[in-house]
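Written below as structure tokens is the structure these notes are about.
Protein chains: 2
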Amino acid sequence: MTTLALDVMSGDLGAQECVPAALLALAGDPDLQLLLVGDAAIIERSLAAERCSPSMRERLQIVPASQVILMTDAPREAIRRKKDSSMRIAVDLVQEGRAAAAVSAGNTGALTAIAHFVLKCLPEVERAPIMSAVPNARGHTHLLDLGANVRATALQLEQFAVMGAIVARDVHDIARPRVGVLNIGSEESKGHDLVQEAHARLRARAAAGEHDIFEYRGFVEGQDIFTGEVDVVVTDGFTGNVALKTMEGVAGLISGRLRREFTASWGAKLAGLIARPVLRRVSSSLDPRQYNGAVMVGLRRIVVKSHGSADRIALARAIAIAATAVRRQLVEHVTLALASGEKL
Amino acid sequence: MTTLALDVMSGDLGAQECVPAALLALAGDPDLQLLLVGDAAIIERSLAAERCSPSMRERLQIVPASQVILMTDAPREAIRRKKDSSMRIAVDLVQEGRAAAAVSAGNTGALTAIAHFVLKCLPEVERAPIMSAVPNARGHTHLLDLGANVRATALQLEQFAVMGAIVARDVHDIARPRVGVLNIGSEESKGHDLVQEAHARLRARAAAGEHDIFEYRGFVEGQDIFTGEVDVVVTDGFTGNVALKTMEGVAGLISGRLRREFTASWGAKLAGLIARPVLRRVSSSLDPRQYNGAVMVGLRRIVVKSHGSADRIALARAIAIAATAVRRQLVEHVTLALASGEKL
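Just so you know, the sequences run in chain order A and B.
Mapping to this note's numbering: the first sequence position 129 is 129, numbers consecutive.
So the number in this note's numbering is just where the residue sits in the second sequence, counting from 1, plus 1000.
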């Protein structure tokens, strides 16, 4: 049995989506147990509304929490003033060993801060990177760091490569992930000292035959995030965050333009009506919620962040990812990989 | 009369598009003269094919060049071995004072290198940034630096703000451009020392009432490049290049997905046929060629870079931009603005 703690109160939809998501996850995984953390009355009501069967109910336990961390709460304040929040209690349950991992759809900054504060990083890791999957032409690319560290060292970029590859392998079943370092050109001479040094370290590693958990592919450029040539793209948190938000901005611009043009005239509206099923398929194939569940890697325990706007199906996916990460011993593999290299 | 040098041989389409573009530009601007630089026989043939009128012919002059810089030529090699190339001669003509500005659709790296080598930067500028316009929800955002400098100092970012604002005002008629510094959050506390220091400099400047040529709007995030909240976005060349290429990558991914889904079945093909005019409008409204002509700012003279794939209309627009920059005295304004501030 794998036991996970689920922060039921956070995210845009709260218990209304989180409780059905929990039931979906339990239905899909007979070896799963869940601790539902939040307002007991609300959770009981949701369970009744969803007609939770008694056998399913046996694999569920409610852990009460009186507070909720809001999307507007500052991380530091969340740590200091919301010790009885559903998010904090879920992470505390992991620290106490009552749950093997925590899942939350809440405030990213607060979750990152609480996870670092309560669970701590692995000894070799200075600060756990934020990692996320973005769609590419063939599947998904795993991108890290997305903003945990505004500056990175070459050693940290090397660690990101190792950790990203292990998550891609253990959680997303990519046998020998291809890893690239984000740069402004794919030629060896391009870029500044940081990427040059990281490249030298990774190349030396590849030459030494160490860490064949991943295949180092050298430098990649911004557009390569979307081609599927590599599985993991490594960069510092500043650049990664700008790339992620630029991505969201372009997608928003294009979908806004499509909406505007398809409503500009009666003829366009008719065309839009006819094209709608196809446009929906395109948009849902690129929807980040289709690939929900970002593993926070580099901590002593597993925390999975779900998109705030995730619906029950996407949330159930995030829960399944947490269970997979636990069962495949992600933390142990990361610890080993970082320790067996040169002194990190 | 404004005289410009046009590198006729470069770009994906060469003389075949450049010569008609020259004629279009001359037809649209009675005070323009052009020096067409390239293979004289090819140019004469194109002029004959386009039925260039004798009166138009009077405002044209052919300057022979025996070489062409290819897209695959390394910048350093282009400088060393292609001294009689159309690109080099066009820039030389500017240096010699025979033309007021040069326009080329060729290899960006080679053009940047040749422009720096032949024309040199303004005394206050270490290296001229690359600036480009990207579409936003209301019009265009001017983004710099896109990769001339892999590392920037806070002073350079401040200079980028000044230069970007002057180009936006003088060339693109934006009365008092709103300028933002790219960061990973819009809160004042976010980001690393470089953006923090640049922010402090720009805020101090705004408080001192100096440089009211632009309105400093503080930090912006990746998605804000596309909302139209600011006219100019300032960043270092590494981040800017990653953002630009990420943008291209996402746009390519989405258009590839649309193509795939609209050809997946007969029904989808039919829907695609009906939706095609609207989809074309969306795609052309986002086409970077619609806004062709990137001014290289920070050099002692004006050089305008056209997209390599620009057609005659887009190229004619790049020529018109060069003429506008000359007539509005862009270089003089940049020199004054950089010199009148604190010691730069």
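Where a beta carbon is used, it is the ideal one built from N, C-alpha and C, also for glycine.
* Cutoff 6 Å; reference arginine 127/A; Cβ partners in own chain excluding five residues on either side -> On the first sequence, residue 127/A is found 127 positions in, with the first residue counted as 1. The answer, listed in chain order, is Ala148, Asn149.
* Asked: Beta-carbon of valine 1331/B versus every beta-carbon of chain A: anything under 8 Å?
  -> The count along the second sequence starts at 1 and reaches residue 1331/B at position 331. No, because no Cβ of chain A sits closer than 8 Å to the Cβ of valine 1331/B.
* Whole-angstrom C-beta distance between glycine 1011/B and alanine 1018/B, which should lie under 8 Å -> Here residue 1018/B is taken as the residue at index 18 of the second sequence, counted from 1. Here residue 1011/B is taken as the residue at index 11 of the second sequence, counted from 1. The sequence given here places cysteine at residue 1018/B; alanine does not occur at that position. Their Cβ separation, rounded to whole angstroms, is 7 Å, which keeps cysteine 1018/B and glycine 1011/B in contact under 8 Å.
* Asked: Using a Cβ-Cβ distance under 8 Å, would lysine 1343/B count as near chain A?
  -> The residue labelled residue 1343/B in the question sits at position 343 within the second sequence. Any answer about lysine 1343/B is weak, because its pLDDT of 34 lies below 50 and its placement is not dependable; what the coordinates show is given next. So, not an interface residue.
* To do: Keeping to the same chain, check which residues put their C-beta closer than 7 Å to that of tyrosine 1291/B; ignore five residues upstream and five downstream.
  => Counted from its first residue, the second sequence places residue 1291/B at position 291. Excluding positions up to five away in sequence, the list reads Ala1133, His1140.
* Contained beta strand (DSSP E) runs [length at least 3] in the stretch 238 to 318 of chain A, N- to C-terminal order -> 294 to 296, 302 to 305
* Return the first residue and the last residue of the alpha helix (DSSP H) that phenylalanine 1361/B is part of. => Shown here, chain B extends from 1001 to 1344; a query on residue 1361/B therefore has no answer.
* **Where proline 177/A meets chain B, residues with beta-carbon distance less than 9 Å** => Taking the first residue of the first sequence as 1, we reach residue 177/A at position 177. Here the premise fails: no neighbours, minimum Cβ distance about 19 Å.
* Examine the Cβ distances between the stretch 237 to 245 of chain A and the stretch 200 to 213 of chain A and report whether three or more of them are shorter than 8 Å. => no
* To do: Pull up the distance between the alpha-carbon of leucine 1344/B and that of tyrosine 1216/B, whole angstroms please.
  => Position 344 of the second sequence, counted from the first residue, corresponds to residue 1344/B. Position 216 of the second sequence, counted from the first residue, corresponds to residue 1216/B. With a pLDDT of 33 at leucine 1344/B, under the threshold of 50, the modelled position of that residue is not reliable, and the figure given next carries that caveat. Going by the C-alpha atoms only, they are around 19 Å apart.
* To do: With a cut-off of 8 Å on the beta carbons, I'd call alanine 322/A and valine 181/A a contact; round off their distance for me.
  => Taking the first residue of the first sequence as 1, we reach residue 322/A at position 322. Taking the first residue of the first sequence as 1, we reach residue 181/A at position 181. Contact doesn't hold; Cβ gap of about 28 Å is too wide.
* Between the stretch 1275 to 1285 of chain B and the stretch 1088 to 1108 of chain B, are three or more C-beta pairs nearer than 8 Å? -> no
* Asked: From what residue to what residue does the beta strand (DSSP E) around glycine 38/A run?
  -> Against the first sequence, residue 38/A aligns to sequence position 38. Unbroken beta strand (DSSP E) run through glycine 38/A: 32 to 38.
* **Same chain, Cβ closer than 6 Å to isoleucine 1225/B, neighbours up to 5 away in sequence not counted** => Locating residue 1225/B in the second sequence gives position 225, counting from the first residue. Excluding sequence neighbours, isoleucine 1225/B sits near Thr1141, Val1233.
* Asked: Using a Cβ-Cβ distance under 8 Å, would phenylalanine 226/A count as near chain B?
  -> One-based indexing of the first sequence puts residue 226/A at position 226. Yes, its Cβ sits closer than 8 Å to a Cβ of chain B.
* To do: Step through the CB atoms of chain B and report whether any lies within less than 8 Å of the CB of arginine 217/A.
  => Here residue 217/A refers to the residue found at position 217 of the first sequence. Chain B contact via Cβ: absent.
* **Bridge-paired residues (DSSP) for proline 129/A** => Taking the first sequence and counting its residues from 1, one reaches residue 129/A at position 129. Looking at the DSSP assignment, proline 129/A forms no beta bridge with any residue, so it has no partner.
* **Distance cut-off 7 Å: isoleucine 225/A Cβ against heavy atoms of the ligand ZN** => Here there are no bound small molecules, and the ligand ZN is not part of this structure.
* To which residues of the same chain is alanine 325/A closer than 6 Å at the C-beta, ignoring the five residues directly before and after it? -> Taking the first residue of the first sequence as position 1, residue 325/A is located at position 325. Cβ contact annotation for alanine 325/A (same chain, cutoff 6 Å, sequence separation greater than five): Val171, Val295, Ile302, in chain order.
* Quick one: list the residues of chain B neighbouring threonine 239/A, beta-carbon separation under 8 Å, in chain order. => The residue labelled residue 239/A in the question sits at position 239 within the first sequence. Those are Phe1238, Thr1239, Val1242, listed as they occur along chain B.
* At what residues does the alpha helix (DSSP H) containing threonine 1112/B begin and finish? -> Stepping through the second sequence from its first residue, residue 1112/B is reached at position 112. Where threonine 1112/B is concerned, the enclosing alpha helix (DSSP H) stretches over 1108 to 1119.
* To do: Would you mind sorting threonine 108/A into buried or exposed? The rule is 16 or more other CB atoms within 10 Å of its CB.
  => For the purposes of this step, residue 108/A is taken as residue 108 along the first sequence, with counting starting at 1. With 16 or more other Cβ atoms within 10 Å, it is buried.
* Could you work out which residues of chain A lie near isoleucine 1274/B, taking near to mean beta carbons separated by less than 9 Å? => Start at 1 with the first residue of the second sequence, and residue 1274/B comes out as number 274. Result: Leu270, Ala271, Ile274, Ala275.
* Asked: Are isoleucine 1130/B and alanine 1165/B touching if we call contact CB-CB under 8 Å?
  -> On the second sequence, residue 1130/B is found 130 positions in, with the first residue counted as 1. On the second sequence, residue 1165/B is found 165 positions in, with the first residue counted as 1. It is not a contact, given that the beta carbons lie outside the stated cut-off.
* Could you name the residues of chain B that lysine 245/A contacts, counting a contact when the two beta carbons are closer than 7 Å? => Sequence index remark: in the first sequence, residue 245/A carries index 245 (1-based). What lysine 245/A touches in chain B: Glu1221, Gly1222, Gln1223.
* Asked: Should lysine 305/A be labelled buried (16 or more other beta-carbon atoms within 10 Å of its own) or exposed?
  -> Taking the first sequence and counting its residues from 1, the one referred to as residue 305/A is at position 305. Buried, since its Cβ has 16 or more Cβ neighbours within 10 Å.
* Asked: Counting only beta-carbon atoms, is arginine 151/A nearer than 8 Å to chain C?
  -> No chain C is present in this structure, whose protein chains are A and B.
* Where glutamine 71/A falls, given that 16 or more other Cβ within 10 Å makes a residue buried -> Locating residue 71/A in the first sequence gives position 71, counting from the first residue. First, the residue type needs correcting, since residue 71/A is methionine and not glutamine in the sequence shown. Looking at its Cβ environment, which holds fewer than 16 other Cβ atoms inside 10 Å, methionine 71/A is exposed.
* **Cβ of isoleucine 1079/B within 8 Å of any chain A Cβ** => One-based indexing of the second sequence puts residue 1079/B at position 79. False, the Cβ-Cβ gap to chain A never drops below 8 Å.
* Near-chain B residues of the stretch 102 to 118 of chain A - C-beta to any C-beta below 8 Å -> none
* To do: Give every residue of the same chain whose Cβ lies closer than 6 Å to the Cβ of alanine 1078/B, excluding the five residues on either side of it in the sequence, and list them in chain order.
  => Position 78 of the second sequence, counted from the start, is the residue given in the question as residue 1078/B. Cβ neighbours of alanine 1078/B beyond the five flanking positions: Ile1069, Ala1110.
* To do: Round the Cβ separation of threonine 227/A and alanine 137/A to the nearest angstrom and send it over; I've been treating them as touching at under 8 Å.
  => Start at 1 with the first residue of the first sequence, and residue 227/A comes out as number 227. Start at 1 with the first residue of the first sequence, and residue 137/A comes out as number 137. With 8 Å as the limit, threonine 227/A and alanine 137/A qualify as a contact, their Cβ atoms being about 6 Å apart.
* Residues near glutamate 229/A in its chain [Cβ-Cβ closer than 8 Å; skip 5 each side] -> On the first sequence, residue 229/A is found 229 positions in, with the first residue counted as 1. Cβ within range, chain order: Arg178, Gly180, Arg217, Val220.
* Helix, strand or coil at threonine 2/A [DSSP, three-state] -> Here residue 2/A refers to the residue found at position 2 when the first sequence is read from its first residue. Three-state result, threonine 2/A: strand.
* Sub-8 Å separation of aspartate 145/A and alanine 152/A beta-carbons -> Against the first sequence, residue 145/A aligns to sequence position 145. Against the first sequence, residue 152/A aligns to sequence position 152. Against a cut-off of 8 Å, the Cβ pair of alanine 152/A and aspartate 145/A comes out as a contact.
* Relative to the alpha-carbon of proline 1135/B, which residue among Leu1299/B, Ala1339/B, Glu1332/B, Asp1287/B has its alpha-carbon at the smallest distance? -> Position 135 of the second sequence holds residue 1135/B. Looking at the Cα atoms, Asp1287/B is the closest of the given residues.
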